[in-house]
Each structure stands twice: as C-alpha cells, then as structure tokens.
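Contents: one structure, followed by commentary.
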Amino acid sequence: MFTVYYANQLEYQKDLLIRLLEVQPLTDPFASNIILVQSPGMAQWLQIQLADHFGIAANFTFPMPSTFIWQLYKESIPAAGEKNLFSKENLVWRLMRIIPQTLDLPEFTSLRHYLGEQFTTLKLFQLAEKIADLFDQYLVYRPDWIKQWEAREQQSLQQQIAQQIAPRYQAILPTIMQDLSWQAILWQKLINDIQQDYQQDMIWHRASLYQQYLDLLANGHKPKYLPKRVCVFGISALPPMFLTVLHALSEHTDIHLFFNSPSRYYWGDIIDHRYLEKLKLKQLKQNSDEQQVVKTIYDESLTVGHPLLASWGKLGRDFLYSLTQLEPHEIELYIEPTEDSLLQQIQRSILELTYAQNESSQLHYQTGDTSLSFHACHSPMREVEVLHDNLLAMFAGDPNLTPKDIVVMVADIDRYTPYIQAVFSQYRFEDKRHIPFAISDRKITESDVVIATFLQFLTFKESLFSVEMVLSLLDVACIRQRFSIELEELSQIREWAIQSGIRFGLYKQDAEDVPNYNAWQNGIERMLLGYALKNEQGVWQDNVGFDYSEGLQGKIAGKLAHFIEALQEWYQQLQQPLDIEQWRQTLFTCIENFFEVTESRTVVAILKQAVHQILDTALESNYQETLDAEIISELLQAKLNEQENSVHFLMGQLNFCTLLPMRAIPFKVICLLGMNEGDFPRQLATNSFDVMQYQPQKGDRVRREDDSYLFLEALLSAREKLYISYVGYSVVDNTEYQPSILVSQLLDYLSENLTEPTQLAELKFSYPATIFSVNNFLEPHFSYAKEWARVAELQMATKNIEPFVTELNQSETDEVVKVIALDDLIRFVVAPQRYFFEQKLGVFLNQNNENVAESETFALDNLAQYQLKERLLQYDYASWNDEFEKAKREGVLPRAGFAFLQQAALEETCAALWNVVADYHTMPAESLKIEIHLDIDGENVLLQGQIDQLYQEQYVGWRVGRIREQEQISLWLAHLLLQIAGEQQNSLFYGLESGKVTTLNFTPLEREDALRQLEVYIRDFLQSQQQISLVPTFRLEQFSKLFADENSDEETLRYELSQLDKQNKQYQYWQRLLLQTPSLDYQQIKASFINWFEKMFA
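Set out below in structure tokens:
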C-alpha cells in the first residue's frame, strides 16, 4: 500500500511516524526500520526525536532515496553489478577519449568550434564534465530519451520535441535539433565503448534499470530482501523516476510517504494573481477579465492562490501534483498556529490558502511584535555583529530560549565563516555575552589548511612565486615542521627575503635571456654567500653577499634554501603532463616532501584516499592519456568537497549552516543571513545545449526554484521568530542596495496585506556602518559591545569636546628634565606634535605595514632612487660602476635595457652634487661634543650631544634630494650650537632638486643672539613635557607669509594646516590633534612661530 501523510508542520509528521511505529511494529526484531531522508541533518534531527520519545533509537537506517533504489536494482537485477558504470566520474573519462574522435562528424560542428583546432586537455575535460553532468540528469529526468537514443530512434524524438517546444524557442529550433543529434551520437558511442570494455550486450544504467525493474514488478516479480515497510520522511520533492519506483514497490510492501504540505487545501495548480494576468495577456484570450482559469505548458489549469505559495512553491507544487496523480491512501493532520504574531498569521494564511480579498484575511501587526524582522547592514561583518546583538536581546527577553533553539542559515557558509568566528569567538566562556556555536557544511577545501595548501601546490604550474605567496606556505605548521623551521624564525625569514631583493620567480635564469635578480634563487644564493663573504667585498661569481646571514644565522638560510629547492623540483614536475600512475606517485611524493604527517595523519589519509579514488576511476574507464596539473587539481577539489561535513549540526549549540534543500527542520528562531540581490536565489548558469530547459516537465529541478522553496520552508519552519538580514547599503558611499527578490516579494506581500501598510517600516531596521558608531548606542538601536561604549561617548560629546591641548597631570609626567639630549631637542623642534605623541603619550601613528613589492621593476621609485644615490655618494666617482653592478645583483635595478637607462639617469643626477662635495670626501670629518649649561627660569639645564660632519670646523651636509624643512631646522640648530661654541663660520647644506644643486647657507651670528634663540627652543622643550606645542614646522615659507598678513585669522590658519601632504610623517598627528581641537589660539601660535623661525629667515 502507498500511503501519503500530509501535515503542515514537521513535528506533526514526526508524531504520525511515531504513531505508525507504535501501532505497526516490525515482527522481526532484527529487521531495520528503513526511513528515506534527503540529508544527514534531517536524519540526525529525526533520530533525536525518536530517541526522545522511545528512550532509545536503535536499528534505524536512514538511506538516501537514490542509494536505496540503486540497492533495489542490484538485488533484483544481479547483472547490474556493484558499480555504477554511468556515474558522472566515469562518464567524464570516457567522454574525454570519445569526443576528439567525433569532432569531424557534421553533427559536432558546435563542439568543434568551441574546442578550436588546438584545444588543451583542460578545455576538453571541462566540456566533458558538463556533458557528463547533463547525461546524468537525462538518466534521472529523461529516461525515455535515453531509451529512444539506444533504439536509434533519435529522429522520432526530435520530431516529438519540435512539436511540443514553446513558441519562444522556435527561432533557435535548428540549434536545439543539432544539439540533440550530437548528444544522441555521443551517447550511442558511450554505450559501445562500455560494451567493448566489459564484453556485455546489455549495459545497465539508471534509465535501463528503471524500466527493467518496473517490468519485473509488473510481471509479478517479488523483490528479494524487501523490507516490510519503507518510510519516506522530510523530503520536499522526488524525481518522477524515484516516485514511480516507490509506487510500483507499494504492491509488495508498505510505502509511507510523509509530505510537509504548507496548505490543507490542494495547491498543485495555484498561481499568483499578477502572474495570472500576464498569462492571460500572453495567451491573447478574449474577454480575459471574466476568465478564471488559464492553461499552462503542462496543460494544467491554474487558479489564483496565496501569492507567496504560488511564487515560491513550484518545487512542492509539482511534487504534490505528482502525488495526487498516484491516487494514494491519504492521511491528513493540519493544525493551525495558535499564536497571533505576524509570522504565525502568515503561516495561517498559507495553511488556509487565503490572501487579501477581504478584510478578514488581512494581517494585523501589533507594536512590539518581533516575530518577523528585516535587517539592512553595510557588510557581512556588520550582519554578524548585528546578529550577535539581536541574539543576546532574544535571550534576555526569553529565559526559556537556548542556543540550540536557533539556527542561522546563509547562502554561502564559507564566505561568512571568518566573520562568524571573529564575532562569536571574541568572548570567553565566563563572559555573559558568550554564545556557544557550531559551524557545519563548510567545504573541507576551505576549512582545512593542509588540504587547501595541498590544492594550492597543484596550481604552481603558472605561479609567479611572489614573495608573500611563498612565505604564506611557511605559515602552515606541518610544512614549516617538515623543513625544521621554527615559528619565531618566520619574521627573520620575511625580513631577509625583503632585504635581499626577492620579489617573484623561483629561478634566476628563467625563460628570459636576462637574469632575474629578484628571484628566490638569487636571494637564497646571496644569503648563503653572506655566510662567508660580506657585501662590501663586491661581486663574486655573479652574486653579492648578504650581510645579515653570517655566523649562526646561516642555519636559517640553509633551512630556507632546502625549502626553495623542494619547490623548484615540484615546479619542474608540474610542467610536464603525466599519465595516471605517474600522477599517483607524484602526488604522494609531494605529500611526503612538503608535509610533516605526524600530527595530520587523518587529513593526509583523506587526501590519499581522494587521490586513489579519482585515479582509480580513470583507470577503470580505460583512460590512458596524459593529464595536466590543472585537471588533477579540479578533480581533487571536487572529490574532497564531497566529504560529509555536517557533523556539527544539531550539537546543542547555536547552529550556523548553509541553506540546503530538505533542511526544513523546525526551530524556535530561524535567522537568514546574506539575503542579497544576486546572491540568493543562487545563480547557476544553464548550458545552452541542455535540451531539458526547452521542454520542461513536471518534477524537473531548477536551482532558482529550489532556493525559492527553501525560503518558503524557512518561513514555515520558524516557530517564534524569522530574522532576515542582508547587505542593504554600500560601505563606501552608503548607496542603498536591494535585498534578494524573495525578500522583496515578502515585503510587497506585507505591504499589500497589512491593515496599515505604514506599519511595514516598523519591521525594517537599518544599522550604522561600524560597530563603534554612536548610533549603535542610541534608540532604536542597541549594542552589547560595551568595549566600544567609551568611543561612542566621546562621539556623543563632540559638541562639548574636551580640548586636546591641555596640561598633563603631574602624575602623568616624568620628573623635571635636568639633562636634554641634543637628538631629542632636534626631534622636538623638527616635529613638536609628533614628539609629544610618541615620547609623552607613547602613541605612534605612522606604523603602517610595509607593502612588499611582488612584480618586476621597470623604474625605481623615489625612495629606491634616493637610497641608491646615497650609496653612490659614499664612494669615489670611479667606483660608481662597481656599485651599480652590486645593486643589479641585489635586485635593486630593473632588468635589461631598463637598468642601463636607470643607471645613466642616476649618474647624471648625482654627478652635479658630486662635483660640489667631492673635495669634502678627501677630508676627514670631525665631530664636536656639546655640553652647554643653561639657566631656564631658575632651573639649571644641561644640553649635551655631538655635532658631526665638521670639515675644518665648518658644518657641511648634503642629501641627494630636495632640502626639506627638517634638514633646514636641523642645520639651523647645529649652526646655533656652533656659534655658541665659538665657531664663527657659515653652515652649509647642499641638496638636489630637478637635477640642480641647491644650497642652504646660514651666516655667522653673535654668540649672545644664538644663545637667546637656543633658550627659546629649550624653554618650549621643557614646556612640551606637560603640554603639546602647536607650532607648524612644515611649509615654513607659506606660514611665514600667513603670519605676516594682517588679514589672516584662525580660519586661514586651520585651512593652511589642512594642506599638509598625506605622505608627510606629521600628517596623522596634526589630523588627530585638529579633530579634537575646536578652536586654535591664533595669536599664541603666531607668536611661537615667529619666536622659533624669525631669526632663521633673517
């Protein structure tokens, strides 16, 4: 008997199943209860429910429908064999052999054009994959086509399809017919190929087994080992083939199918009223306003029904239609939701199949009803942060709610996993904000670092081996351990790689004629050479020593060299296509050479098993050709992602999982994240040669319709709350984004059916872009992130902001300075704001991570040019060429002719400055120790330090660039000290600007004038120990003009301060200061500036 149990909630279906098990227990105590389910999650939930009722759930088996039916085939048709010869994996290999042999046939013109004359194996493999997947679909959803192809009746099939095809496809009918032709020929060749390999006239696949099995049952065959009862539970839809087999099987055993039907009434032919009007217009029926019924392509009559059920329920609607056609024994258990929340009103309206035709069917929203809510955020990270706050609010509002009562489903769990772990893992167990959680459904290739890294190794054939990419491999513990590299040595290796000029490439001598001195090989050779030879000793065998790897540090260089050599060997292996057995040996060698397996035995076992499976399948399919690394990589990734990874589902914690079919498990609270336009329903491009799309039939699976039904199931499975979140705003410019079309349809439905459409706004929530925004702590928002509360308080107090320029408390300052180091004084006068932040507050705002160059150099940037010019000026002009040769082998200069051009430009630029300072190179530089006692406001202060670069008691300095304010100020301070010391000479500084030499010259001063000016700086330095000094020390000429202008005021001063170049190291400090300084004392700043620099400009 075939019995269908209808219920509107899964709990009621579970009750019906339990009642069935109690009333009709199996007579054989050793027999298993067979319950077909579509997902492990459903089996896990049902086991828990059965165990909760019976006290124990033992001897229950939960096979998948396809597995169960295949087992039935094998038991009744022994010739079918144990293995499915027509699995997608097997078909791919056979198609790769057969397709090239057929390209000359006229029917294969489209494939020939796609592949091209000289196609790669990878392109052939990808095409074979698509065709194999299509044939697999045909076997399940179009078994009649397969039967006609094998009977050589493809012409009849083409005529049949041509007659039934929709008018909108008539224009491409010739293309469709051509696709059918080559597919029929290809299938027939597949059959012949398998027959030759297995020497069998009859080849069994799902379509032939299906027909043979039905014939056996129709002829009175009783299947062997048939269970007394088979239950089908929690399945929203079955392929027509499976349903037909189960129905035929019901003549010999009891089949109990539990169908979760959202409505108590028949809804297999309902349609949204708006779509109905479109159909009427499209079919051009006369007097369409009076007609209530429209025919579809399935020749079914459609009537107006609930819009949500009509729009989202096609998957279940088709299955319900198929069930009713079987005329089974039916049992119904529909129970209305008992509460009056907005969510349960919607569920009730679907159950009763009502929509806004009259006032009684409208939805009534009560203020404070949180059963249905929509949350628009700026990013996935903010979605998770907002979710965490809302979950804590739910727990606070309902003491009976626990984490296991909540499920959070997203379209792509791997995308959201980093954000989930960052937000939910930040609180310790003892923190009241801690929520225990588990993440399931992650792809093993994304969740396991060893597997992900191994797959990355297979992509190295075309890799540039950039410095960051190679260093990231050493972040993997088992790789690092394999080469005996310690974790604390990584920072040293990274620093060496950058300093030695490594950028990209494994080999110094690559495909180019000119050596790549930015390659890993050159960097490693430099490190090893540096163990014995210093950089200053010049070029030796086309290399230059690296100074930092000498002594005991050379051991680290040896470990790194071992790793790079192994990478070079692996890279060479990837360059050549290999046959199946060669790949097996190569992959296992890679695992042994790069991965320390002691602590990763399980993962390595999974890897090796996957390798064996894909390669054994190729051998079974008689594939003897060679394969590229890209194909092995794709095959391994697909095979590894088949690993079951839902073990954390229903573990008594907050569940994060992927929106998967047949996971309509009831929870008190269901949260949907990432409901963005374009992300959900998920887009899956259909192949143009998939003929099923041109002749759709009841029961066909479409990914978009599957996702729509998933959304409907989520709406119906939420018992108390449905929480919907999406990225609704741009994090860059706050542009509003639309949610998923399904969310928009739900919002439209609410707008049309709420008694007060304006109440819809109360269901929608938008949030600030950052967690520390002040709005997070103001109504109607809230946040449990108390760590950010202080920041919000400061933002809220901006109108009465506390000035930044305030004196530090005595407890916050050091003892009164008695001795001042000259270097500290220079740092203070050059950048007083930066000095205060760094030395007094311990705040460093310029510690940005260095960007590592990873591409070929064609021209040196400004910093590299400056550093190389500085090197040149340290040597005589005659030694410059040797220095360029060293720089080339250090990876500093570009390659080939670009190096020659760069060298010529640098020599020309430096020559002008060299002509000026050459004489000073022949003189010994002297130093002068400074010890000056000063009486500053009654305090005895000692200034001490040393002035270098004295040539015949005269200060002379130079730099191979523009003379900046900091050089000007430093020279001025040195000049003052020299005047105080009695050296009555000019102080000189030379610079280079636009290829010309510029000179800064300070003339002698009276000792008393110099001493008074020095006391100005010392006094302000002492004052800076308690209060920041607001003296601008950049753009000195502009500020000098500004303060000389009587019309200048605070506004013009603030504007000029805002013009500071972002590249200037003072920029961050001035920005931070101005942000918290509502008003500037213009007169005080002007007076300080004049006191500091008036004599310098004189």
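Residue numbers for the sequence shown follow the UniProt record's numbering, so the first one is 1 and each next one is one higher. All C-beta atoms in this analysis are idealised placements derived from N, C-alpha and C, irrespective of residue type, glycine included. Here the structure is a predicted model, which is why all the values come from computation and not from measurement.
Beta-bridge partners of residue i, as assigned by DSSP
i	result
C478	C478 pairs with nothing; no bridge assigned.
G945	I930
K764	F374
T61	I34
D254	R229
I493	Its beta-bridge partners do not exist; DSSP assigns none.
N260	A7
Length of the line joining the Cα atoms of residue i and residue j
i	j	result
R206	N33	25 Å
I1090	N1064	23 Å
Q381	F765	The amino acid at residue 381 is misidentified as Gln; the sequence shows Met. Spanning the two alpha carbons is a distance of roughly 16 Å.
R1072	E569	52 Å
residue 1170	S855	Nothing about residue 1170 can be read from this structure; the chain reaches only from 1 to 1098.
R964	W1092	17 Å
T253	C671	41 Å
Y1069	F125	58 Å
Y419	I413	10 Å
K1086	T909	39 Å
I255	L85	29 Å
D369	I631	54 Å
R482	H562	10 Å
E512	R895	10 Å
M96	S66	27 Å
residue 1101	Q9	There is no way to answer for residue 1101, as the model of the chain reaches only from 1 to 1098.
Of the listed residues the options, nearest to residue i (C-alpha basis)
i	options	result
E330	N390, F2 and F594	F2
A859	Q44, G897 and Y875	G897
T338	L351, P328, L326 and E327	L351
L574	G313, L455 and L560	L455
R704	A685, I932 and T589	A685
L315	F782, P696, G982 and D733	P696
S970	L778, Q148, D823 and Q24	D823
L1053	K1041, D1061 and K1062	K1041
For residue i, the three-state DSSP class (helix, strand or coil)
i	result
P307	helix
G81	coil
A7	strand
M675	coil
P832	helix
R959	coil
N881	helix
Y141	helix
Q1025	coil
M409	strand
Y990	strand
N641	helix
E720	strand
Y266	coil
H388	helix
V604	helix
T998	strand
Any chain B beta carbon closer than 8 Å to residue i
i	result
E75	Structure shown: chain B not included; a single protein chain is present.
Heavy atom of the ligand HEM within 7 Å of residue i beta-carbon
i	result
E596	Among the components of this structure there are no ligands whatsoever, and the ligand HEM is therefore not found.
**Study point:** At least three beta-carbon pairs within less than 8 Å, the stretch 447-461 to the stretch 603-613
**Key:** yes
Check your understanding: Do the stretch 579-587 and the stretch 624-632 touch if we need at least three Cβ pairs shorter than 8 Å?
Key -> yes
Review point. Is there contact between the stretch 715-734 and the stretch 371-381, where contact requires at least three CB pairs shorter than 8 Å?
Key: yes
Exercise for review: Check whether the stretch 967-985 touches the stretch 945-955, taking contact to mean three or more Cβ pairs, one atom from each stretch, closer than 8 Å.
Suggested key: yes
Review point. Is the stretch 493-510 close to the stretch 865-882, with three or more CB pairs under 8 Å?
Key: no
Practice item. Could you tell me whether the stretch 492-499 touches the stretch 462-474, where touching means 3 or more Cβ pairs closer than 8 Å? Key: yes
Check your understanding: Between the stretch 194-213 and the stretch 142-149, do at least 3 Cβ pairs fall closer than 8 Å?
Key -> yes
Point to revise | Cβ contact check for the stretch 924-936 and the stretch 1011-1021: 3 or more pairs under 8 Å | key: yes
Review point. So does the stretch 1028-1035 actually touch the stretch 832-843, counting three or more Cβ pairs closer than 8 Å?
Key: yes
Practice item. Take every Cβ of the stretch 588-607, pair it with every Cβ of the stretch 514-528, and state whether three or more of those distances are shorter than 8 Å. Key: no
Exercise for review: Say whether the stretch 749-756 touches the stretch 772-792, bearing in mind that this needs 3 or more beta-carbon pairs closer than 8 Å, one atom from each stretch.
Suggested key: no
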